[in-house]
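Below is one structure, written out as structure tokens; comments come after it.
Protein chains in written order, with the numbering used here: chain E, 1 to 95; chain U, 1001 to 1483.
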């Protein structure tokens, strides 16, 4: 598997990242080197292996569905880049 | 003797016997932190530290003290600290003053330890040399032109340079053990789930684990006891009692079975490192242990499996850093998409962007099975290797890093950095506990011995490390100029 510049631009967009035109070449090369490295896994026969998404063999803990958080919106909004009338503000989405 | 020449345990005794006060200690270490040119700290919290030290002294005066009361420490800048900047080494979190405490921070506060400041680290814990920090590289106290290791590089350098009696670290692929090894200190990565991840800025959630970085195993036992334990705020934290790790430090090692994986001594391992590690293992034979060869046949697949799994998890975790609710926002965004894209592109460094992109790619439609699922299956094989080995031996020993610390700026391409994590990654993939302890010097740079145990055997690992430190003085060696 090898990525070309166009695919890398698309992956960058999916990641909400911008790749400058003049560094696209070197980023594509870096990503391809990493993909080459991970390609080694194809040597392994994993057909009958159960995937391991978590290191511990534990079951998900459940809790009562009750409100535990108190309202701290002022505290949290204090550190936001831009707020107004208790909302987080972003550029206009719908005219 | 000056305060910085004491271990945490000795400082604890001194405070208890009222030989000195926490304010005296704190002033001493703040001065050392301020005078240091290692760049080990992102933020030094002088005023807060003195305030905490005064409180500790008043508690000591009335006999209300815990294990860490009045002891100064460096807190990795990945742990949220109420009212104190928590950047995780990233520009995107440079404006972030945390509105809450991580559980680890809370536990340290509850025990009235004294935070000197927030330790430098690779951006968002991604790196093996601490060169990826937005705040610049950290220097290795043993040789200022070399890296301290990463990602907990500031934490390791602070302990090695005796700027701080202990530090906190986190380990996703070796980030406690590798810098501990390269700086000649003791580092412990506990079993996954032992220490709460709540308020620890997430890199790869199924691998991240916090632990102590100290001068000695005894000190690590004291710190772990304080920070470990069940936390209902972390759904992956384990509901298991925390033992008194100090209690068993003096147990005998008679009959201990040590496994040596042949795969950890193959090509790519520096001769000096290999020799030190083999010599250290011989010490254990003198202490009554037996050594046998074991095999971890899937070892080499740890690098490819990790560099799929960790980027996948990080690409998902870091989507929350978008310039809307906290952290960095770009200047005058023209629309929402521009806000996201420019805030993230200006806020993240190169290595973080690479890992996010690899993750986005590996999780995307059409590639998920070939990459992510394949890596999860490989992870199972790597984990099974350890369980096979632990049928025959109690612990596994080997090197932590294939080389001693390298020169700052010498590893330019990402893949050569990744390869240096060969011995540490598989432990995180399996979720096992492991330590690095000082085991020698090669060309005047420290070498660490890796001790890997089965799940929940921190107590035994600390015992083994402590017994080694009773017999050797590698952990007492200090860099030149640090006396």
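Cβ atoms here follow ideal geometry from the backbone N, Cα and C, with glycine treated the same way.
Annotation for residue 1093(U): 1087 and 1327 place their beta carbon closer than 6 Å to its own, counting only its chain and skipping 5 residues before and after. Considered as a whole, the region 1252 to 1287 of chain U harbours 1271 to 1286 as its complete alpha helix (DSSP H) runs of no fewer than 4 residues, in chain order.
Between the alpha carbons of residue 1286(U) and residue 1441(U) lies a distance of about 21 Å. The beta carbon of residue 1230(U) lies closer than 6 Å to those of 1237 and 1239 in the same chain, with the five residues before and after it left out.
By alpha-carbon distance to residue 1227(U), the top candidate from 1200(U), 1375(U), 1252(U) and 1204(U) is 1200(U).
When the beta-carbon positions are compared, residue 1382(U) and residue 1298(U) come within less than 8 Å of each other. For the region 3 to 15 of chain E, residues whose beta-carbon sits nearer than 7 Å to a beta-carbon of chain U comprise 11, 12, 14 and 15. Interface annotation for the region 33 to 49 of chain E against chain U: 33, 34, 37, 38, 40, 41, 44, 46 and 49, criterion Cβ-Cβ distance under 7 Å.
As computed with DSSP, residue 1097(U) is found in a beta bridge with 1085(U). In the structure shown, residue 1203(U) falls within a coil segment according to DSSP collapsed to helix, strand and coil. Here residue 1044(U) carries a strand assignment [DSSP, helix/strand/coil]. Taking a C-beta cut-off of 8 Å against chain E, none of the residues of the region 1005 to 1023 of chain U qualify. Residue 1119(U) has its alpha-carbon roughly 33 Å from the corresponding atom of residue 32(E). Beta-carbon to beta-carbon, residue 1463(U) and residue 1251(U) are separated by about 5 Å, close enough to satisfy the 8 Å threshold.
Residue 1344(U) has its alpha-carbon roughly 44 Å from the corresponding atom of residue 1460(U). Residue pairing of residue 1293(U) in beta bridges, as defined by DSSP: 1260(U).
Per DSSP, the unbroken beta strand (DSSP E) holding residue 1188(U) starts and ends at 1186 to 1189. Taking 8 Å as the threshold, the shortest C-beta distance from residue 1204(U) to chain E does not fall below it. With a threshold of 8 Å between beta carbons, residue 75(E) makes contact with chain U. Close CB contacts of residue 1269(U) within its chain, under the 7 Å cut and outside five residues either way in sequence, are with 1399 and 1402 (chain order). DSSP places residue 36(E) within a helical segment (H, G or I) once states are collapsed to three. Assignment of residue 1419(U) by DSSP, reduced to helix, strand and coil, places it in the helix class.
From the beta-carbon of residue 1465(U), no residue of chain E is found nearer than 7 Å; the closest lies around 22 Å away. Residue state for residue 1395(U) is assigned as strand, using DSSP reduced to three classes. DSSP lists no bridge partner for residue 1303(U).
Close partners of residue 1197(U) in chain E (Cβ separation under 7 Å) are lacking, with about 13 Å as the shortest Cβ gap. CA-CA distance, residue 1419(U) to residue 1356(U), rounds to 19 Å. With respect to chain E, the C-beta atom of residue 1177(U) has no partner C-beta closer than 8 Å. Bounds of any beta strand (DSSP E) do not take in residue 1362(U); it lies within the alpha helix (DSSP H) bounded by 1350 to 1362. Secondary structure of residue 1037(U) (DSSP, three-state): coil. Closest in C-alpha terms to residue 44(E), from the list 1213(U), 1390(U), 1376(U) and 1146(U), comes 1376(U). Note: residue 1480(U) is not bridge-paired with any residue in the DSSP secondary-structure output. Residue 87(E) has a beta carbon lying at 8 Å or more from every beta carbon in chain U. Looking only at 1313(U), 1315(U) and 1341(U), the smallest Cα-Cα distance to residue 1324(U) is reached by 1341(U).
By the rule that beta-carbons nearer than 8 Å mark a contact, residue 79(E) touches chain U. As computed with DSSP, residue 1210(U) is found in a beta bridge with 1170(U).
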